[in-house]
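Listed in order, the protein sequences are those of chains A and B.
So that you can map any letter, position 495 of the first sequence is 495 in this note's numbering, and since no number is skipped, the others follow by simple counting.
Here this note's numbering runs 701 ahead of the position in the second sequence, where the first position is 1.
Since the structure comes first, as structure tokens, the remarks are kept for the end.
Number of protein chains: 2
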Amino acid sequence: MDLTKLMKPRSMAVVGASEKEGFGGDVCRNILTYTKDLSRIYFVNPKRTTVFERQCFPSISDIPDEIDLLILCTPQKTILPLLEEGAKKGCGGAVIYASGYGETGTDEGRRNEKELLEKARELNIAVMGPNCAGYINYVDDIHAFAFVSEKRERKGNVGVISQSGQLCLSMMDSPSMRFSYNISAGNAKGVQMEDYMEFLVNDKDTKVISLYLEGVKNVKKFIDTLRKAAQMKKTVVVLKAGRSSKGQAIAASHTGSMSGTDASFEALLKKFGAIRADDLEELIAMSLLLSTIPKLPQRPGFASMNLSGGETAICADVGWLNGISYPDFAEETLRALKELLPDYATPNNPLDMTASLSYDADLYAQALTAVMDDPGVGMVLIGYTLLYEIADPAIHYMYEGIKKVIQEKGQSCKPIAVIPFAENTRNPEYQEKLLGIGVPILPPPLYAFRMLKKLADHIKPDHARGNYDIALPETAGKTSYALSEHESKLCLEAFGVPVAAERVVTSADEARDAAESMNGPLAMKIESADILHKSDVGGVILNVSDGSKAREAYIRIMENVKKNCPDARINGVLMAPMLKPGLEMILGVNNDPQFGPMVMVGLGGVFVELFRDAAVYPAPLGKEEALDMLRFLKAYRMLEGYRGGVRYDIDALCETLVSVGKFAAANKDTLKELDINPLFVYPEGEGVGVADSLIIKYMER
Amino acid sequence: MDLTKLMKPRSMAVVGASEKEGFGGDVCRNILTYTKDLSRIYFVNPKRTTVFERQCFPSISDIPDEIDLLILCTPQKTILPLLEEGAKKGCGGAVIYASGYGETGTDEGRRNEKELLEKARELNIAVMGPNCAGYINYVDDIHAFAFVSEKRERKGNVGVISQSGQLCLSMMDSPSMRFSYNISAGNAKGVQMEDYMEFLVNDKDTKVISLYLEGVKNVKKFIDTLRKAAQMKKTVVVLKAGRSSKGQAIAASHTGSMSGTDASFEALLKKFGAIRADDLEELIAMSLLLSTIPKLPQRPGFASMNLSGGETAICADVGWLNGISYPDFAEETLRALKELLPDYATPNNPLDMTASLSYDADLYAQALTAVMDDPGVGMVLIGYTLLYEIADPAIHYMYEGIKKVIQEKGQSCKPIAVIPFAENTRNPEYQEKLLGIGVPILPPPLYAFRMLKKLADHIKPDHARGNYDIALPETAGKTSYALSEHESKLCLEAFGVPVAAERVVTSADEARDAAESMNGPLAMKIESADILHKSDVGGVILNVSDGSKAREAYIRIMENVKKNCPDARINGVLMAPMLKPGLEMILGVNNDPQFGPMVMVGLGGVFVELFRDAAVYPAPLGKEEALDMLRFLKAYRMLEGYRGGVRYDIDALCETLVSVGKFAAANKDTLKELDINPLFVYPEGEGVGVADSLIIKYMER
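As structure tokens, then:
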């Protein structure tokens, strides 16, 4: 969809222009307050000849110009004729504030929406909304926004798209935020969220894309956009409702978005290096951080510099709580700092600079330079509350010191951010000054360090490790059926998952012969896709050691099953070597109806659920991506050899994840779920063992 | 220590009064800006006759009045003679800003400090500092503070004590904070932190005590104060440095505080219902919340009301992340809300009120009343960003609606707080108005819900369940020694821990006889306090089933041990019944040198460490406190019977915790540590089994 006339119009008509409060008045006020070149902006209102002393046309048709964009401030019932009138003037975009569409939840509203979308398609008009607050294009000075804001400079490089008008307003109100575009997309029924995303990814003036989403509609375009953003090194920051079940219900009811699971959504973001924000404040602060620092840190190590011991301790503690890495300073750094600091101070990271450095910009600059030059440091965090009511001259010396270092270092300057220790007190003059030299002020520590950990995870050179494939299902399955254990294992084996040689026997004699030809003790299990809990029905006998016992076991299993599951379809009895025990893991696939197959791995037993220690990642995945999944687990330390324990075969586990991912991707349209539970992981070099497996498929369509 | 003359002086002398910048000038400016009654405040400076047009005395002796408090703005070397001069005028308190004491880390500084403290003791003068920023007593209008602040009303009910001047300033700068006292205690070498705490707990004007601590010095007084605060229902909010190892090092180096472990400190706070803040912003916001709401919530259920779907989803999601309980609304609440809301809206908790209720104070009040009247709701959270630059009339209607409900409800009004979704944009007029009717504005969601979870945990009627005992060690132990397994078990058994009947045998024949008289298979283990890892030296043989095998086992164990540990002192061989396996837990005691014995419990195996799932609580403890410990564990769901699994004997486990706590308290001066690992917990009604135990004691002193 071409959004040029909607988002970058050369001319526009405000229909329903007015001096009153409300959409018409607010749009006019915004335009007159902000827009420099009014020459091709036309006000339209049949009841007025002027609005704010500017000529007002009785209708669109009366305007002596072509019109790219209609800004419709009039009620729902007027919209369709206005679109038709606009189309005759060459209109290719329309912003529609009116409500009375799908959001009402009524039949009438849905009918109105359908008619609107059909008409827009017919006339080839890109519709923003309906029921939206409009947008501002700061790059080209276009103001199609329906809430009045105080005048100040807001032009910058953050492109915002929000499905909530209220959240959009809050972002605009945040004093440090600077935007390329601010789009309050409302119902997003004409032009969809993914279309705006695509537009911003391709927009040269947008550096950071900042999203509030209630759900994804066009999954393919969503993924294509994330992929392109990753390739172009533009960062996408996403706040999405629906992490909790209550949040999901609200997001769904609010815009009727169909929604995959939140875990799948998060896995997708992870693959493409997009950053998830947990609330609006974090979305704002993360966008501000990324938009302000001249470049991303080159490595994930942080240095923390503070003026007091209390503040230094907070940075140490809250950093630690959030998994922040503070590398120890190098010898040279320590030597330089010792010369600058008073005798009693011990240089360390985080660093207590002591008050003695607070009142001298040159000394401050020298200390900052020493810390920045440390080879382990990727970014410098300056802990400082920009006090407002309390006279504190340190703020001046600190600012001058930072500025000096930034000027001296030029291109080689590492990114710097300021972390205040209290919010809601902030010296606005210095906030602007710091912003002006590329130093963002973050929220207080609990937000700041959480964000910085996400930044540290984000700066990996390529999250997907070159694998940009995603296996989106073409169709959604409905009814499903299970494969038997043996069938499941054969499917996996075909994709490279190591499965021990097994046999299915259909008579007691065959069981005896098989036992005699197979080595070692065997597990015998009823082989039937109809019986999921084999032990519960007497369908499993373990440690069968010879032919005659195998014969007896066969008979007993068949008797038990016939008694307990008379209707089950029986393939026979599966005879498998008893696996030696290893570290029990669970490996699975859940094929998200919206986002496709997601591979899951975690420690076995109850621990995945009890401690929520599982990693989820989209299929297909490469070996390095598999290793990243494992590293994400708390249980990874067990795999590595915990407390002098054995080191497990991480390589074989990664290969198994890759194989499972391949299988899942190849079966994206038919697979519902897959479980390998348990998967035994053996000591390094000894591989893995699939003890049991279950595949559930959709009926072919 | 009597702090009356220091904290509530009737007269005071500012020595070093001046018009310049610096301590002397800033103190004078503060006094002249803020103090109403200057009649008994005297400026002293031999070089001046007036300061800011006010009479200035050449010396303390020249003042024609008794002096309660000296405010000493002069350098370190002048201090001792001034104290002597003041003492002759009846002085009982002194604020000392000068540095040059222990904080320098030099011998000279330490000597100066020692002399100062000796002199103060000799003269019976309570010294604040040295190297402090002083204090303000808002109740009695006393300004002994050395940083200039903009004039505004700050009088309220939060008593602040901070070991960091910078953090103290940040709290004062926070626009909503209202204080009874604000004490920047500096080195806190004269009057200690615990003395100030005691003062504030006993102060009738202080409702909330807000602390920044680097460490505890007077543990007994610290605990006595926490106990008294709990009994008086005053809330203590504590920010303490040293959660991480880096933070501990910083806190220790900064004020030389001796420090128990952070886990012990946190356990103490938990026992007495004090609230721990994780950073300064949380300390401020929690203090503001507690100081502003007219009463604490009566139950831990929250209702969330918001004006947009996006904001409602954030409250649902971030609430869920933080373990907030949003009870489902009762039928009656839903009925009332359905009448108020538009047709398409679904009432729910969190509630999306939709924009339709935002512009009518009466409707708003009705919705708020309906929600507040819900029996499951203890507190109402109003999600709303107080936009500043964006014109939003909703703020007015919301405020009027809230005010109406508060007036109508009177005493029966449940507490209300506002949660904004973005920080650093706040309408100051409405912030003050809301504060004025008892409605605090919290920080954005990641802080707010974390705090509210702590509030919900805090409102339990009695955290200690009536047990206010703490077992503080009188002396700190140095060298330590281990008890053998059998000795350890006997110690525990004496305090009621169930230990199976065991015997120690000293010959092969005795082993045979014992095996024949004891029932079932036995575990035989070398019995020696010198051998901690018995299996590693061949000192353990399990499943010994009869007398002759016991004989052989005895001989083999002795041979192994003599070969592998020739120097170990051997008591014999311990013969114990083989315990049936159960759920493996770890139970232990660590006797914190500062805070006394702490009982620890967690799931066995590697999970305590890997998933940090352990509960720590001071000894002695009651059975309900023990149950609270278990409930704190993620693993509690396993004890309860996870996913249809067996329910374990939680009662017996609690009794074991109580018994271990009794043992630890009784041995507070001699116990170093205790481990029961593993403790088998059996299905409900079947008790617990101590499989192995180790006690390490200090040498008697």
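Think of the CB as a built atom: it goes at the ideal place given N, C-alpha and C, for glycine as much as any other residue.
Asked, Found
"Per-residue DSSP class, three states only, for A:Ala619", "coil"
"Cβ pair A:Cys28, A:Val14 closer than 9 Å", "yes"
"Proximity test, Cβ basis, 9 Å: A:Ala303 and chain B", "no"
"Same chain only: Cβ atoms within 6 Å of B:Gly1254, ignoring 5 sequence neighbours per side", "Note that residue 1254 of chain B is Ala in the sequence shown here, rather than Gly. The answer, listed in chain order, is Met1225, Ile1242, Val1245."
"Local conformation of B:Tyr1060 per DSSP, three classes", "coil"
"Residues of the stretch 858 to 876 of chain B whose Cβ lies closer than 8 Å to any Cβ of chain D, in chain order", "Among the chains of the structure shown, chain D does not appear; the protein chains present are A and B."
"Residue from B:Ile1271, B:Ala1216, B:Asn1265, B:Pro1282 with nearest C-alpha to B:Arg1252", "B:Ala1216"
"Minimum Cβ-Cβ distance from A:Ala316 to chain B less than 9 Å", "yes"
"Contact set between the stretch 903 to 921 of chain B and chain A, restricted to residues whose Cβ is under 9 Å from the partner", "Tyr913, Glu915"
"Whether A:Thr385 touches A:Ala417 by CB criterion (9 Å)", "no"
"Where A:Tyr698 falls, given that 16 or more other Cβ within 10 Å makes a residue buried", "buried"
"Opening and closing residue of the alpha helix (DSSP H) in which B:Gln932 lies", "920 to 933"
"One or two residues paired with B:Val937 in a DSSP bridge", "B:Ile910"
"Simplified DSSP assignment, three categories, for A:Val589", "strand"
"C-beta atoms of A:Pro327 and A:Asn306 nearer than 9 Å", "no"
"4-residue-minimum alpha helix (DSSP H) runs that sit fully inside the stretch 1319 to 1389 of chain B, ordered along the chain", "1324 to 1333, 1337 to 1340, 1351 to 1367"
"Burial state of B:Arg965, where buried means 16 or more other Cβ atoms lie within 10 Å", "First, the residue type needs correcting, since residue 965 of chain B is Ser and not Arg in the sequence shown. So B:Ser965 ends up on the buried side."
"Of the residues B:Asp925, B:Val917, B:Leu1153, B:Phe1150, the one placed nearest B:Ala942, counting alpha carbons only", "B:Val917"
"Chain A residues whose Cβ lies nearer than 9 Å to that of B:Arg944", "Ala313, Ala316, Asp317, Val318, Trp320, Leu321"
"B:Asp1314 at chain A interface by Cβ criterion, 9 Å", "yes"
"Test: B:Ile1287 CB closer than 9 Å to a CB of chain A", "no"
"Residue range of the alpha helix (DSSP H) that includes B:Val1274", "No alpha helix (DSSP H) holds B:Val1274; the beta strand (DSSP E) holding it covers 1273 to 1278."
"Sheet register partners of B:Thr751 (DSSP bridge)", "B:Gln756"
"With 16 other Cβ atoms within 10 Å as the buried cut-off, status of B:Tyr1060", "exposed"
"Contacting positions in the stretch 589 to 609 of chain A - beta carbon closer than 7 Å to chain B", "Val606"
"B:Val1307 to B:Tyr1337 span [Cα, whole Å]", "16 Å"
"Whether A:Glu281 touches A:Pro443 by CB criterion (9 Å)", "yes"
"Residue environment, A:Pro620, which counts as buried when at least 16 other CB atoms sit within 10 Å", "buried"
"Other residues of its chain near A:Gly102: CB distance less than 7 Å, five sequence neighbours each side excluded", "Gly109, Arg110, Glu113, Asn187, Lys189, Gly256"
"Assigned secondary structure, A:Ile533 (DSSP; H/G/I helix, E/B strand, else coil)", "Correcting the residue identity first, residue 533 of chain A is His in this sequence and not Ile. Of the three classes helix, strand and coil, the one that applies to A:His533 here is coil, per DSSP."
"For B:His1097, three-class secondary structure by DSSP", "helix"
"Residues of the stretch 790 to 804 of chain B with Cβ closer than 8 Å to any Cβ of chain A, in chain order", "Glu804"
"Interface flag, B:Ser1009 vs chain A, CB-CB below 9 Å", "yes"
"Of the residues A:Arg647, A:Arg643, A:Ala614, the one placed nearest A:Phe702, counting alpha carbons only", "Because chain A here runs from 1 to 701, residue 702 of chain A falls outside it and cannot be looked at."
"Under 9 Å (Cβ pairs) to chain B, residues found in the stretch 624 to 656 of chain A", "Lys634, Ala635, Arg637, Met638, Tyr642, Arg643, Gly645"
"Whole-angstrom distance between B:Asn1272 and B:Ser1360, CA atom to CA atom", "26 Å"
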